[in-house]
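FYI, full-length UniProt numbering numbers position 149 of the sequence shown as 149, with every residue one higher than the one before it.
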Amino acid sequence: MAAENFPNTTPQKLVRTTSARRSFHIYTSLQREIVLGMLAPRSTLLELELANRFEVSQGTVREALLLLQEEGLVHRQPHRGTTVADCRAEDAEELIRLRHDIECRGVKRAIARQGNALADRMRTHLSAMQEAADAGDEYLLSVHDRAFHSELFACADLPPVQPVLARALVHAHRYKILHPAQNRDLKDTANRHLAIIDALDAGDADQAAAALSRHITTIVDFGPNILAEDL
């Protein structure tokens, strides 16, 4: 999949050299396979096999695996190789709580900085999500979904927090895809963002935070008490 399909959702690396472009292509291909479950949780990835598959050097494969490691999608251990990260409910719950706090506070700051101008920017991502849904491409839908939330938070101007949110986003989407609810409709998934855009249109920070809260806490079926913690 082309690099331009990953706006604001991937590590901020400059893809200039031939080797970098190749490693980025491998990274995006493997990310897709991990998120969709084509590479199963806890499965082993061998650099030599991947190098043969993509017809590149093991060094180029290693660069791609390091990008995946930054996202927490693989675990690399010296002399023990690389394994695909697990996809557990307890991890997803904690990341959703973290994501909730980051995004709901961030949107208020974003609106204070940019007002209702945010709505038009988010509509671009919504249109891309709807097109992916119409094409039945769940992974591409997740890419544009992540871009929606990443760009919205970027407008809060909190760059040290951005990588934390990026990791939470990719793992939440992976868990949702690998543990699907019955009869999930991709178009409905895209259109769940309309309530957020309506709040942004109104320039209402509290409404936007509430819409994001509902959106995030209903991503997967953990029940109504996802934010409750037993202290």
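Glycine residues also receive a C-beta, built at the ideal position from the N, C-alpha and C atoms.
In the DSSP assignment, what are the bridge partners of residue i?
| i | result |
| --- | --- |
| G81 | Q77 |
| L45 | T82 |
CB residue i to CB residue j, shorter than 8 angstroms?
| i | j | result |
| --- | --- | --- |
| L65 | V56 | no |
| E63 | S29 | no |
| L200 | A208 | yes |
| L126 | C155 | no |
| A133 | K187 | yes |
| Q54 | I26 | Checking the displayed sequence, the identity of residue 54 turns out to be Phe instead of Gln. Contact flag set, yes. |
| A202 | N116 | yes |
So, for residue i: in the same chain, excluding its five sequence neighbours on each side, which residues have a beta-carbon less than 7 angstroms away from its beta-carbon?
| i | result |
| --- | --- |
| A85 | P41, G72, L73, V74, H75 |
| L95 | A168, H171, A172 |
| C104 | A209, L212, S213 |
| V220 | A92, Y175, K176, H179 |
Give the secondary structure of residue i by DSSP, where H, G and I count as helix, E and B as strand, and everything else as coil.
| i | result |
| --- | --- |
| L200 | helix |
| T60 | helix |
| L39 | coil |
| L50 | helix |
| F6 | Caution applies to F6, whose pLDDT of 48 falls short of 50 and renders its modelled position unreliable; the model cannot decide the point. |
| D157 | coil |
| residue 233 | Past the edges of the chain, shown from 1 to 231, lies residue 233, and the structure says nothing about it. |
| F219 | Looking at the sequence shown, residue 219 is not Phe but Ile. Note: I219 maps to coil in three-state DSSP. |
| R21 | helix |
| H179 | coil |
| M1 | Its pLDDT being 38, under 50, M1 is placed unreliably in this model, and the value from its coordinates should be taken loosely. Of the three classes helix, strand and coil, the one that applies to M1 here is coil, per DSSP. |
| H193 | coil |
| R174 | helix |
| R184 | coil |
Closer than 6 angstroms by C-beta to residue i: which residues in its own chain qualify, once you throw out the five before and the five after it? Chain order, please.
| i | result |
| --- | --- |
| L98 | A168 |
Counting only the same chain and skipping the five closest in sequence on each side, list residues whose C-beta sits under 8 angstroms from that of residue i.
| i | result |
| --- | --- |
| M129 | L141, H144, D145, F148, T189, A190, H193 |
| M122 | F148, E151, L152, H193, I196, I197, L200 |
| A51 | S57, Q58, T60, V61 |
| Q162 | S150, F153, A154 |
Task: Unbroken stretches of the alpha helix (DSSP H), 4 residues or longer, contained in the region 62-142 - done: 89-114, 118-134
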